[in-house]
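Engineer: All letters in the sequence shown, in the order written, are residues 0 to 220 by numbering that gives the first Met the number 0.
For every residue, glycine included, the Cβ atom is placed at its ideal position computed from N, Cα and C.
This one's a predicted model, so the numbers in the text were calculated from it and none came from an experiment.
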Amino acid sequence: MCSSQKSINGYKILEGKSEYSHFFGGKAFKTPLCPNCKKPMQLIMRFDTSDPALQSVHSILSSLPLVSCLNCSGCWETQFFKMEQEQVHLLSQNEEECWIADEEDQLPSPLPEVPLQLVPLLEEEIMKDDLSDEEIDFIFDQFGTNYIGRLFGGLMESEEDTREYECCYCGNPMMHLASITEDMSENSDLINAISFQFGEIILSFFLCTECNVMRTENLNS
0 MCSSQKSING
10 YKILEGKSEY
20 SHFFGGKAFK
30 TPLCPNCKKP
40 MQLIMRFDTS
50 DPALQSVHSI
60 LSSLPLVSCL
70 NCSGCWETQF
80 FKMEQEQVHL
90 LSQNEEECWI
100 ADEEDQLPSP
110 LPEVPLQLVP
120 LLEEEIMKDD
130 LSDEEIDFIF
140 DQFGTNYIGR
150 LFGGLMESEE
160 DTREYECCYC
170 GNPMMHLASI
180 TEDMSENSDL
190 INAISFQFGE
200 IILSFFLCTE
210 CNVMRTENLN
220 S
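1. Are the beta-carbon atoms of K81 and V212 separated by less than 7 Å?
2. Tell me whether the region 80-99 and the region 120-132 touch, counting them as touching only if at least three CB pairs, one residue from each stretch, are closer than 8 Å.
3. State buried or exposed for C169, treating a residue as buried only when at least 16 other CB atoms are found within 10 Å of its CB.
4. Bridge partners for M213 per DSSP, in chain order?
5. Is it true that the CB of G148 sits closer than 7 Å to the CB of M183?
6. Who are the near neighbours of S194 in its chain, counting only those whose CB is closer than 6 Å to its CB and skipping five residues on each side?
7. If you run the structure through DSSP and keep just helix, strand and coil, what is E102?
8. Buried or exposed: where does A177 fall if 16 or more other Cβ atoms within 10 Å of its Cβ makes it buried?
9. Can you tell me whether N33 is helix, strand or coil according to DSSP?
10. If L90 sits next to C167, beta carbons under 8 Å apart, how far is it from one beta carbon to the other, in whole angstroms?
11. Which residues mark the beginning and the end of the beta strand (DSSP E) in which Q141 is found?
12. Flag this pair as yes or no: are the beta carbons of Q116 and S17 separated by less than 7 Å?
13. Identify the continuous beta strand (DSSP E) that holds Q86 and give its terminal residues.
14. Between Q92, S62, F139, which lies nearest to E83 when the distance is taken from Cα to Cα?
15. My assumption, with CB atoms under 8 Å, is that E14 sits in contact with I190. Please give the rounded CB distance.
16. Does DSSP classify A177 as helix, strand or coil?
17. What's the C-alpha gap between Y10 and F151?
18. Taking DSSP as the reference, what is the three-state secondary structure of L53?
19. Taking C71 as the reference, give the member of L42, E185, K37, F79 with the closest Cα.
20. If you draw a straight line from the C-alpha of E133 to the C-alpha of Y146, how long is it?
21. Can you give me the C-alpha to C-alpha distance between L69 and Q105, rounded to a whole angstrom?
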C-alpha cells in the first residue's frame with residue numbers, strides 16, 4: 000500500500016468460500032464499455048454488504064462492485080463510477096496514454112467467477128507510522144504474493160489525503176474501501192481459475208455511500 004495508508008486495519012482478500020457472497024469476477028453487474036479499448040470493463044470483485052466486515056460502509060446496495068478496465072491505460076488515471084443494483088456506469092475517466100495491451104495479454108470480461116473470503120490482517124500486516132523499513136518491505140512482499148487484495152472501509156488517515164480523494168458529486172471525503180494488485184506469486188495461482196496479471200500497479204477504490212459513487216486511483220508505493 001502507499002505510505003499514507005496509516006494505521007488502517009482491514010482484511011486480506013483470498014480465494015475461498017465463506018458464508019457471505021464475496022466473489023472475484025462473474026457477471027452479476029453489467030459493466031460499461033471502456034472509452035479507450037472499446038471493450039467491457041471487468042467486474043473485478045464484489046462484496047456482500049451483509050458481512051459484518053463491511054458494517055462501517057452503510058451502503059444501500061446489497062453488493063459493492065469493484066470495476067475497472069485492466070486491459071489498457073484506463074485504470075492508470077482517475078475513474079469515477081456510478082453504482083446501481085446489478086449495473087455500473089462510467090462517469091469519467093482521465094485518459095492520457097491511450098495504451099492497449101496486446102490481444103494475447105488481455106484479461107477476459109467477464110472474469111471467471113470465484114468465491115472469496117475475508118481474513119483479518121495480522122498485526123504485522125497493518126501499515127503504521129512507526130514501522131521499520133524491514134516491516135514495510137514485509138507488508139509489500141505479502142501483497143501480491145500471498146493475496147491480491149486488501150479490504151479497508153475507512154477514511155484515509157491523513158487530512159491531506161482525505162481532501163484529495165473527494166466525491167465528484169457531493170465533494171465529501173470518500174471511504175478507502177479496498178486495494179488490489181496483480182498475482183505475483185511464484186505459480187500465479189492466488190486465483191486458480193486465471194492468471195490474474197495486469198501490470199505492477201496498486202489499484203485503490205474509494206466509495207461515497209451518499210452518492211453510490213466509486214473512485215479508482217492507481218496508488219503506487
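Structural biologist: According to the structure shown:
1. yes
2. no
3. exposed
4. F80, L206
5. no
6. S187
7. helix
8. buried
9. The residue asked about is misnamed: residue 33 is Cys in this sequence, not Asn. Note: C33 maps to coil in three-state DSSP.
10. 6 Å
11. Q141 -> not in any beta strand (DSSP E); alpha helix (DSSP H) instead, spanning 132-141.
12. yes
13. 86-92
14. S62
15. 6 Å
16. strand
17. 7 Å
18. helix
19. K37
20. 19 Å
21. 8 Å
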